[in-house]
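In full-length UniProt numbering, the protein residues as written are 1 to 101.
Quick reminder that beta carbons are idealized off the backbone N, C-alpha and C, glycines included.
Quick caveat, the model's predicted, so the values are computed rather than measured.
Below you'll find the structure, written out as structure tokens, and then a few comments.
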């Protein structure tokens, strides 16, 4: 840990600048090469960007995975049971610790 802190403190500002520049971080903001008319709708813009995209609306494109379950639904009873089990495990650990002492 001390070596990494020492190495970081020894790094010169120009070295850090070059590393970030090499990684693609710059302070120059590039203008968009694409001129999108103000009257172009989201669906039309999406089709222009990707002509192989199936005929779906922009909202459908955004919400394609909105109904995907990525977490388990837990009831209040399950939450309480999990907390009680945690407390029991902690008390068992404390008893073992006291027995060792």
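Assigned secondary structure, residue i (DSSP; H/G/I helix, E/B strand, else coil)
i, result
"residue 72", "coil"
"residue 4", "helix"
"residue 59", "helix"
"residue 78", "helix"
"residue 40", "coil"
"residue 25", "coil"
"residue 95", "helix"
Beta carbon of residue i nearer than 7 Å to that of residue j
i, j, result
"residue 57", "residue 76", "no"
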